[in-house]
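Heads up, the sequence shown is in full-length UniProt numbering, so the first residue is 1 and it goes up one at a time. Glycine included, each C-beta is placed from N, C-alpha and C at the ideal position. As the structure is a computational prediction, the values presented were derived from the model and not from experiment. What follows is one structure encoded as structure tokens, with my remarks underneath.
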Amino acid sequence: MGQWIDRAFALFEEQQRYRGIDVNWVKQKLTGLKIETPSWGYGDSGTRFKVFQKVGVPRNPFEKLDDAAQVHNLTGACPSVAIHIPWDKVENYSKLTEYAQSLGLRIGAVNPNVFQEDDYMLGSVTNANPEIRRKATQHLLECVHIMKEVGSDVLSLWFADGTNYPGQGHIRQRKQWMQEALAETYKALAPNMRMLIEYKFFEPGFYHTDLADWGMAFNAATKLGPQAEVLVDTGHHAQGTNVEHIVAYLLDEGKLGGFHFNSRKYADDDLIVGTTNPYELFLIFYQILEAGRDKNENVRKTAEHIAYMVDQSHAIESKIPAMLRSVLNIQTQYAKALLVNHEAVADAQKRNDVLGAENAVREAYEFDVSPLLAVIREEQGLPVDPMRAFLESGYQEKIAARGVGGSSW
Ligand code: LRH
Ligand code: MN
Ligand code: MN
């Protein structure tokens, strides 16, 4: 393998040098990209029609970490794992933290869950019943406490709150209740913590959702202060929405906090990242890298501290290979975006050269980055083909001993 990689990479390097791209910088950026995987992506999941139970699915949060460690060991890119409470509730969070550390991992974002209890059927922090609103806010506060125990600096908030029928809820009143709960939670954050506010335009509410789009999340975050930012889940927009435009806008406002990456064809499909929309992913990274060159330091800093997270659930596929596929696809699109020649784009834009500008962006996407990825993996002592390495490792066969009926989300 080594020989073809070296030859292909030499050609790639020459090609990029000719285009004015610094391949060493590209390699540095590529190895610096860290992607958080979600604990719930290792458990059983499905659609509202059926959750298929798989053999070997983790039975507890510790086993989820075991599986996440496989993804990190093979890619070197996934050192942190997001947890969802109470899906990942444990008696002793220091034990979970220490276990993560023993595997070379750390706990990442803490996701409160205020959508799976019967009490929350008509809303959590926006429920008309003040006791339920209090219970939900208490859970958010409990999660800030858990963050301190596990050493997390990201509180990732998503609310299923919404209504199904006109008149079912007082929309403006609910908006105020939402802000009150967020403000109380915000106050509990330690100075190093960030609160990321996720939005989604529908589901489970089909008439209205309290935080339906980036504008509402942005407004809520702006009112709260600098530690609150917006989280963009790529599956949470209406068909045809220009997600990279939202990304650019939030970057410019210093309010882009993180991503939940997944792929979608129709709605919040939660499919493997980059399977149906790789060009969109590339264009998102193009916007981020462009913002990373901005003369405004705040914009540059925002681009640097983005929390990249995967949020996917697997109805039919094996969990660990599916997660690997997502991570590899993200790396591929990031690598391609690193090849955009921003001067060439800016130059074409200045001349109002529409086709020239479009070409300067697209041509980066058309390069084969596999030699580059192979080389950076080799240099880090990682398998050149992490998917194959996993399938040949025997791990999947080993975890079959867990049987069926592992944890599900
Ligand atoms: C909601 C969502 C949110 C949840 C996760 C399980 O659709 O994207 O991030 O926490 O799914
Ligand atoms: Mn999400
Ligand atoms: Mn979602």
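{"Check": "Ligand 1 heavy atom lying under 6 Å from the CB of residue 111", "Outcome": "yes"}
{"Check": "Whole runs of the beta strand (DSSP E) within the segment 266-347, excluding any shorter than 3 residues", "Outcome": "307-310"}
{"Check": "Inter-residue Cα distance where the pair is residue 349 and residue 342", "Outcome": "10 Å"}
{"Check": "Own chain partners of residue 232 with C-beta closer than 6 Å, once the 5 adjacent residues on each side are dropped", "Outcome": "259"}
{"Check": "Continuous beta strand (DSSP E) assignments of at least 3 residues falling wholly in the segment 13-89", "Outcome": "80-85"}
{"Check": "Around ligand 2, Cβ to any heavy atom closer than 5 Å, ordered along the chain", "Outcome": "233, 260, 311"}
{"Check": "Close-in-space but distant-in-sequence residues of the same chain around residue 247 (CB under 6 Å, 5 per side omitted)", "Outcome": "284, 287"}
{"Check": "Alpha-carbon to alpha-carbon, residue 164 and residue 378", "Outcome": "53 Å"}
{"Check": "Whole-angstrom distance between residue 79 and residue 41, CA atom to CA atom", "Outcome": "15 Å"}
{"Check": "Residue 264 in three-state terms, based on DSSP", "Outcome": "coil"}
{"Check": "Bridge partner(s) assigned by DSSP for residue 112", "Outcome": "85"}
{"Check": "Cβ pair residue 302, residue 338 closer than 7 Å", "Outcome": "no"}
{"Check": "Pick from 122, 16, 274 that is closest to residue 167, judged by C-alpha positions", "Outcome": "122"}
{"Check": "Per-residue burial, residue 263 [other beta carbons within 10 Å of its own, 16 or more giving buried]", "Outcome": "buried"}
{"Check": "Contact between the segment 304-320 and the segment 29-49 (3+ Cβ pairs under 8 Å)", "Outcome": "yes"}
{"Check": "As assigned by DSSP and simplified to three states, the class of residue 106", "Outcome": "strand"}
{"Check": "Terminal residues of the beta strand (DSSP E) in which residue 156 lies", "Outcome": "154-157"}
{"Check": "Residue 174 and residue 126 closer than 7 Å at C-beta", "Outcome": "yes"}
{"Check": "Reference residue 366, options 204, 336, 305, 64, closest by Cα", "Outcome": "336"}
{"Check": "Local Cβ density within 10 Å of residue 161, reported as buried at 16 or more and exposed below that", "Outcome": "buried"}
{"Check": "Span of the alpha helix (DSSP H) around residue 391", "Outcome": "386-393"}
{"Check": "Beta-carbon contacts of residue 13 that lie in its chain and below 6 Å, excluding the five residues immediately before and after", "Outcome": "23"}
{"Check": "Whole beta strand (DSSP E) elements within the segment 152-221, 3-residue minimum", "Outcome": "154-157, 194-198"}
{"Check": "Contact under 7 Å by Cβ, residue 136 with residue 114", "Outcome": "yes"}
{"Check": "Reference residue 217; option with closest CA among 193, 273, 187, 159", "Outcome": "159"}
{"Check": "Residues that residue 258 bridges to, as DSSP identifies them", "Outcome": "231, 307"}
{"Check": "Three or more C-beta pairs below 8 Å linking the segment 395-408 and the segment 56-65", "Outcome": "yes"}
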